[in-house]
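The sequence shown: position 224 = 327 (my numbering), numbered continuously. These notes concern the structure reproduced below.
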Amino acid sequence: MLDAKLSSQLKAYLQNLKTDVQLHIALDAVAHPNKSNEISELANEIALLSDLITVLPQKDNSVRSPSLQVVSVANDTRMTFAGVPLGHEFTSLVLALLHSGGHPLKISQEQIEFIKALDGDFEFETFVSLSCQTCPGVVQALNMMTALNPNIRHTMIDGSLFQDEVTKRNIMAVPSVYLNGEVFSQGGVTLEQILKKIDPNAGKKQAEQISQKAPYEMLIIGGGPAGAAAAIYTARKGLRTGIVADKFGGQVAETVGIENFISVKATEGPKLVSGLEEHVRDYPVDIMSDNQAIKLTRIASEMGSVINVELANGATLSSQAVLIATGARWREMKVPGEQQYRGKGVAYCPHCDGPLFKGKRVAVIGGGNSGIEAAIDLANIVEHVTVLEFDSKLRADKVLQDKANSMGNIDIILNAQTTQVIGDDTRVTGLTYTDRTDNSSKQVAVAGIFVQIGLVPNTEWLKGDIELTPRGEIVVSQKGETSIPGVFAAGDVTTSPYKQIIIAMGDGANAALGAFDYLIRQAVPAKQDKAA
């Protein structure tokens with residue numbers, strides 16, 4: 104099952120095991136013979152790579168079949184993979200093996216102590232699709248908690264394999280997390296967010312810790328490609344640098360294939376994000392994840408002006424200079440029913456949620472590259488795809504249009520303005536649209552609606568304080584300067600005309616150098632980086 108290269112890499116990783124690990128396999132030769140064979144083959148191949156790993160039959164009848172359970176012999180912790188943990192979840196399996204075998208976790212000591220001290224019974228279940236880019240982060244966060252506390256158990260569930268459960272629980276978006284049988288969260292969540300939901304006081308404690316931090320010379324708001332590049336440049340200049348980010352990686356974490364990142368022929372969003380974070384952590388950068396800026400104020404003082412940044416949790420940070428790199432998010436249709444059925448048929452990531460609509464009819468809103476790419480991907484999974492484009496022509500590249508037109512289960516409707524999402528109170532059943540050629544109203548019966556109509560910059564919190572374009576983009580100079588002295592911006596949140604990963608990184612580096620130049624001229628202590 105594992106090719107020679109992957110086996111060699113995995114064997115090298117497993118050299119880090121310190122204690123015994125057992126793989127308990129539960130097989131179902133009647134309902135899922137092929138998947139059962141794959142799990143058995145995978146477990147036995149892994150066991151051949153390390154003397155510390157053994158394979159045993161699953162004796163717990165309550166565990167789903169087919170599944171593979173990773174058990175720490177030393178700590179009696181259990182992480183279960185219901186389904187074959189390949190695709191994007193293979194990394195989750197590798198980390199589960201390492202953490203169950205005594206390899207240290209890369210989280211803060213405060214988080215480790217907090218998780219170990221949790222009292223009670225925590226049975227987590229995470230429904231995923233193996234093509235989901237966001238799911239592994241959630242699975243790995245919950246598995247790390249499981250590795251630290253035997254009172255916590257976690258099961259990853261491949262929704263496409265356990266369709267009956269998906270239907271029964273009305274799951275129409277992944278990742279969907281359940282705690283002790285009740286809905287816990289939907290969509291990407293970080294370890295910090297999980298801990299806050301478990302302990303309501305965790306957010307208050309975090310705010311108190313953040314407010315006690317000394318002023319920065321450079322504070323970066325946003326942890327995507329622009330923010331990461333800026334942090335590396337300012338840290339190399341010797342500036343005391345901090346990053347405030349809702350989540351590290353931004354939109355890139357949800358990007359599937361990346362083939363235009365120069366010098367890297369092909370990669371995936373989560374892999375690139377992991378590399379970005381690892382690179383940033385090579386420097387003394389203070390990363391404050393799971394935090395959202397809500398207000399920015401420039402204040403004059405005897406020591407010169409400083410910029411205060413207020414966070415949603417009530418904490419306030421100060422810095423001599425600030426760089427905004429908050430990126431953009433998926434644009435919404437803003438029609439009746441969209442919010443009501445979000446996660447119940449209305450989706451924004453076809454790669455994540457597409458497998459949940461296997462054999463069903465869906466719609467894609469938007470005829471640009473993202474929309475047509477989504478339609479092509481979905482057409483290989485679902486019964487039928489209807490693309491609705493507002494304009495009188497598609498905006499996607501011709502090669503994509505040709506591919507879509509060649510597929511027998513994609514219909515494209517032009518001059519279509521979506522007006523309402525229809526449902527039965529539990530899930531989407533269809534949509535209505537206006538035919539702009541004759542102003543007539545029409546209806547399409549679908550089980551899912553994938554919205555692909557572009558991005559909107561994350562600047563609502565800046566309105567009235569900083570110069571924005573009518574589209575909400577931050578107006579910047581060639582050096583990344585904004586209308587507020589000492590405040591810079593970079594990446595997709597700005598007027599940069601092309602929203603590309605590599606351009607965002609360049610913008611981040613450029614704005615960081617602009618900020619460094621500003622600080623020098625303000626007589627703020629800073630050290631030249633001779634290597635830059």
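C-beta atoms are modelled at their ideal positions from N, C-alpha and C, and glycine is treated no differently.
Nearest-angstrom beta carbon gap, residue j and residue i [assumed within contact, 8 Å]
| i | j | result |
| --- | --- | --- |
| E320 | A424 | 7 Å |
| V241 | V176 | Wrong, their Cβ atoms sit about 26 Å apart, outside the cutoff. |
| I468 | L497 | Not confirmed; about 13 Å, so no contact. |
| L282 | F193 | The pair is not a contact, with the Cβ atoms about 25 Å apart (cut-off 8 Å). |
| T229 | V269 | About 13 Å separates the two Cβ atoms, so there is no contact after all. |
| L79 | H135 | With the chain represented from 104 up to 635, any question about residue 79 goes unanswered, as that position is not in the structure. |
| F591 | G617 | 6 Å |
| S195 | P239 | 5 Å |
Residues near residue i in its chain [Cβ-Cβ closer than 7 Å; skip 5 each side]
| i | result |
| --- | --- |
| V559 | A431, R432, R434, G575 |
| G372 | Q236, V355, A356, E357, T358, V359, I361 |
| I606 | S599 |
| V438 | T521, T522, Q523, V524 |
| S168 | A129, L130, D131 |
| G407 | Q625 |
| I335 | H382, V383, Y386 |
Closest residue to residue i among the options (Cα-Cα distance)
| i | options | result |
| --- | --- | --- |
| G594 | Y444, E285, Q603 | Q603 |
| A396 | A618, L565, G457 | L565 |
| T522 | G511, T532, D538, C452 | D538 |
| L375 | Q354, G306, D393, I142 | Q354 |
| T344 | F619, Q625, L126 | F619 |
| S495 | A519, K437, A477 | A519 |
| G223 | E213, D154, P253 | P253 |
| G98 | Y621, M608, N613, I623 | Past the boundaries of the shown model lies residue 98; the chain is included only from 104 to 635, so the question cannot be answered. |
| I215 | F184, L189, A250 | A250 |
| T429 | L322, Q581, L342, L151 | L322 |
| H487 | F493, N512, Q581, E476 | N512 |
Alpha-carbon to alpha-carbon, residue j and residue i
| i | j | result |
| --- | --- | --- |
| T258 | D568 | 46 Å |
| D514 | V465 | 11 Å |
| S544 | L459 | 29 Å |
| F351 | Y386 | 16 Å |
| A635 | E144 | Caution is warranted here: a pLDDT of 46 is assigned to A635, below 50, making its placement in the model unreliable, and no coordinate value can be reported. |
| E413 | L426 | 14 Å |
| L201 | A146 | 15 Å |
| D505 | G474 | 14 Å |
| A629 | T419 | Here the model assigns A629 a pLDDT of 44, short of 50, so the residue's position is not dependable, and the following value carries that caveat. Going by the C-alpha atoms only, they are around 23 Å apart. |
| K299 | V502 | 46 Å |
| G471 | D500 | 8 Å |
| Q315 | S170 | 46 Å |
| S599 | G330 | 15 Å |
| G551 | I260 | 21 Å |
| G291 | M248 | 16 Å |
| G446 | Q243 | 22 Å |
| V166 | L130 | 10 Å |
| L113 | H206 | 14 Å |
| K307 | I218 | 17 Å |
| G462 | D456 | 13 Å |
| T122 | Q289 | 34 Å |
| Y536 | A333 | 44 Å |
| S158 | V409 | Note on identity: in this sequence residue 158 is Val, with Ser being the wrong assignment. The straight-line gap from Cα to Cα measures roughly 60 Å. |
| D179 | Q312 | 33 Å |
| F184 | Q266 | 16 Å |
| H191 | T370 | 12 Å |
Proximity of residue i and residue j at Cβ, strictly below 7 Å
| i | j | result |
| --- | --- | --- |
| G204 | L120 | yes |
| I390 | I324 | no |
| E148 | L105 | yes |
| V547 | G448 | no |
| Y444 | G526 | yes |
| F227 | L208 | no |
| E507 | I484 | Inspection of the sequence shows that residue 507 is occupied by Ala rather than by Glu. No, they are not a contact pair. |
| S421 | P318 | yes |
| D572 | V579 | It should be pointed out that residue 572 corresponds to Thr in this sequence rather than to Asp. Taking 7 Å as the Cβ cut-off, T572 and V579 do not qualify as a contacting pair. |
| S234 | V277 | no |
| N304 | T529 | no |
| V554 | Y451 | yes |
Own chain residues within Cβ distance below 6 Å of residue i, not counting five before or after
| i | result |
| --- | --- |
| A415 | Q395, I397 |
| D393 | T293, E295, Q296 |
| M510 | A482 |
| R181 | Q172, V174, R256 |
| L198 | Q243 |
| I516 | L491 |
| T337 | M321, T344, A615 |
| D610 | A329, A593, G594, S599 |
| N363 | none |
Cutoff 7 Å: residue i Cβ touching any chain C Cβ
| i | result |
| --- | --- |
| K506 | The chain labelled as chain C is not found in the depicted structure, where only one protein chain is given. |
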